[in-house]
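Asks: My structure is below; once you've seen it, I'll send some questions.
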Amino acid sequence: MISLLKNYKKYSDEKLVPLVVKGNERAFNELYSRYEKKMYRFFYRMLNRDTERANDLLQDLFIKIIEKGDRFDTDRKFSTWLYAVAGNLCKNEYRRVERLTNNQEKMIADVRPGLDNEMDFYLPNALDRSLFTARLTEALEELEDIHRTCFILRYQEELSIKEISEVMDCPEGTVKSRLYYALRKLSDKLQVFRPEALNKMNYEKQTG
Amino acid sequence: MRSRLANIDPQVEQLMRNKNFAQLTEAEALLVEQTFSPAHYDATRKTILAATEMFARDLPLPSPKVKANLLKAVAAQREKSTNTNWWSTLLNYPVPAWQPALGISLVLLYFFIPWSNTENIANAHQFAVQETDKAVQEAHGLLAASVPAVIVPGRRKNVGPISEDLNQKNTILDTLQEAAQIFQRTLRPVTDRLSVPAMQLSNTTLATNDTAGVRAQTMEEYFIDPAHIMAVQDQSRRLVSF
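Sequences listed follow chains A and B, in order.
So in this note's numbering, the last spot in the first sequence is 376, and the numbers never skip.
So in this note's numbering, the last spot in the second sequence is 645, and the numbers never skip.
Quick look at the structure:
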């Protein structure tokens, strides 16, 4: 009876998890409100903005907490564990999609409108912010899974290098390396927006 | 040299978030140039800022259906948890709610324990078998009835009857006993005058139970002494002749 009056907002994530496993609805509401948006956006970004699949994976993630939360080691940080589980769900989803629609994806990539053609952006107004963002989104989706995961955890979820290393279960040096390559690839894909790249392209065009 | 390092220093990354290459101090520029060329530094900075801005702007929300489905799962989990080990939840209360719960349980347990002594006594009374003597009653000088001993449930004086039937029976017996006593009192002047004991109490009052309509306390064997009859007849003859 006394416990009903408890304010779960003051509870840590680690303390809420065992209550959720026992079916405490108020504890679940509190935990869900803390992570629903974060995790949904993580899935949304990791699944190339597929809202339906993002909702499915969000549900799967919290089902895992409700039914198998007792496997969570309370000595660990909950958010790190949550991102690790979410990352694994994404990997499974990639495998599933790859198995089912490998050829279809290739076809889609082949018929993308001329965004891959850098010369299409060789226009004074090509540096428009919205266009840049659109190109960035596409470039992000084209990254390898591990690089994309690293990039999203760092710049969307704003996890520290150490936290990312725990989530991805790899050394911090590997995380730094993956981040470097992710940034490098993105920058390369967006080089049309760099003045020096444009100058270089201009020069090459003039000299044939 | 630059590409061989192939990782990003968090310090450089922090600089990218705040300054373009032209704004860097000499020491910062030296640090940055270990990994990036000035152009590459600015390009990467632009990517990071654009991505951060895009992530902050593009904020989709999950469907409310997800939460509705999850709440069902929580309810199912609660039911499952309650069915399996409801008692263990008592120990999880930070406030020691288990103490009053334990007290209540003990009190309830006290009432449900079948205390052995009470039951034995009750059983002993319910199934006690006691033999009684036969009751013989005189009626007009003849042996009217001979009631054999019967086995009846045990009954103590001033203790409530075992069943309602027995209660009714005892009420009838009490009435009969009173009627017998009145009858005896009415006849006493006559019998006293005859100065002959019409009845004699037997010593067979071992029985504590009711038998054949006579209460245990009045369980008597009535018999007629022939000497008394002859004495009475003799006295009657004398009175007649007188």
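Every residue, glycine too, gets a C-beta built ideally from N, C-alpha and C.
Mind checking the segment 328–359 of chain A against chain B and listing, in chain order, the residues whose C-beta falls within less than 8 Å of any C-beta there?
Replies: For the segment 328–359 of chain A, which is checked against every Cβ of chain B, the residues closer than 8 Å are 329, 341, 344, 345, 347, 348, 349, 351, 352, 354, 355, 358 and 359.
Asks: So, at 6 Å on beta carbons, what are the nonlocal neighbours of residue 560 of chain B in its own chain, with the 5 sequence-adjacent residues on each side left out?
Replies: Confidence at residue 560 of chain B is low in this model, with a pLDDT of 49, below 50, so the placement of that residue is unreliable and no value is reported for it.
Asks: Residue 458 of chain B touches chain A at which residues, Cβ-Cβ below 7 Å?
Replies: Correct list: 323 and 324.
Asks: Exposed or buried, what is residue 414 of chain B when buried is set at 16 or more other beta-carbons lying within 10 Å of its beta-carbon?
Replies: Exposed, because fewer than 16 other Cβ atoms sit within 10 Å of the Cβ of residue 414 of chain B.
Asks: Between the segment 182–190 of chain A and the segment 433–445 of chain B, are three or more C-beta pairs nearer than 8 Å?
Replies: Counting Cβ pairs under 8 Å, fewer than three are found: no touch.
Asks: Let me check understanding here. Comparing Cα to Cα, which of A:321, A:357 and A:333 lies closest to residue 300 of chain A?
Replies: Ranking A:321, A:357 and A:333 by Cα distance to residue 300 of chain A puts A:357 first.
Asks: Taking 8 Å as the CB-CB limit, is residue 212 of chain A close to chain B?
Replies: It does: the Cβ of residue 212 of chain A has a partner Cβ on chain B nearer than 8 Å.
Asks: How would you call residue 636 of chain B, buried or exposed, if buried means at least 16 neighbouring beta carbons within 10 angstroms?
Replies: Exposed: under 16 other Cβ atoms inside 10 Å.
Asks: For the alpha helix (DSSP H) that residue 409 of chain B lies in, which residues bound it at each end?
Replies: Run containing residue 409 of chain B: none; DSSP gives neither H nor E here.
Asks: With DSSP as the reference, label residue 440 of chain B as helix, strand or coil.
Replies: In this structure, residue 440 of chain B counts as coil in the three-state DSSP scheme.
Asks: Mapping the DSSP letters down to three states, classify residue 465 of chain B as helix, strand or coil.
Replies: Reduced to three states, the DSSP call for residue 465 of chain B is coil.
Asks: Measuring only from the beta carbon, is residue 638 of chain B closer than 7 Å to any heavy atom that is part of the ligand HEM?
Replies: In the structure on display, the ligand HEM does not appear, and there are no ligands present to speak of.
Asks: Rounded C-beta distance between residue 320 of chain A and residue 346 of chain A? I'm assuming under 8 Å.
Replies: Between residue 346 of chain A and residue 320 of chain A the Cβ distance is about 12 Å, and since that is not below 8 Å, they are no contact.
Asks: With the cut-off set at 8 Å, would you say residue 209 of chain A and residue 462 of chain B are in Cβ contact?
Replies: It is a contact, given that the beta carbons lie within the stated cut-off.
Asks: How many angstroms separate the CA atom of residue 411 of chain B from the CA atom of residue 217 of chain A?
Replies: Distance between the alpha carbons of residue 411 of chain B and residue 217 of chain A: 27 Å.
Asks: In or out: residue 515 of chain B buried (at least 16 other Cβ within 10 Å) or exposed?
Replies: The residue in question, residue 515 of chain B, is exposed, as its Cβ has fewer than 16 Cβ neighbours within 10 Å.
Asks: Please decide whether residue 305 of chain A counts as near chain B, where near means a Cβ-Cβ distance under 8 Å.
Replies: With 8 Å as the cut-off, residue 305 of chain A counts as an interface residue toward chain B.
Asks: Exposed or buried, residue 261 of chain A, counting other C-beta atoms within 10 Å across all chains shown (16 or more means buried)?
Replies: Residue 261 of chain A comes out buried.
Asks: I'd like to know whether the C-beta atoms of residue 335 of chain A and residue 255 of chain A end up nearer to each other than 8 Å.
Replies: Result yes, Cβ atoms of residue 335 of chain A and residue 255 of chain A sit closer than 8 Å.
Asks: Quick check on residue 423 of chain B: does DSSP put it in helix, strand or coil?
Replies: Correct three-state label for residue 423 of chain B: coil.
Asks: To the nearest angstrom, how far is it from the Cα of residue 251 of chain A to the Cα of residue 466 of chain B?
Replies: Distance between the alpha carbons of residue 251 of chain A and residue 466 of chain B is about 20 Å.
Asks: Could you give the distance in angstroms between the alpha-carbon of residue 464 of chain B and the alpha-carbon of residue 225 of chain A?
Replies: Distance between the alpha carbons of residue 464 of chain B and residue 225 of chain A: 14 Å.
Asks: Should residue 643 of chain B go down as buried or exposed, given a rule of 16 or more other Cβ atoms within 10 Å for buried?
Replies: That one is exposed.
Asks: Rounded to whole angstroms, how far is the Cβ of residue 196 of chain A from the Cβ of residue 477 of chain B, which I believe are closer than 8 Å?
Replies: Right, their Cβ atoms sit about 5 Å apart.
Asks: Using a Cβ cut-off of 7 Å, pull out every chain B residue sitting near residue 131 of chain A, in sequence order please.
Replies: Since the first residue shown for chain A is 169 and the last is 376, residue 131 of chain A is missing from the structure and cannot be characterised.
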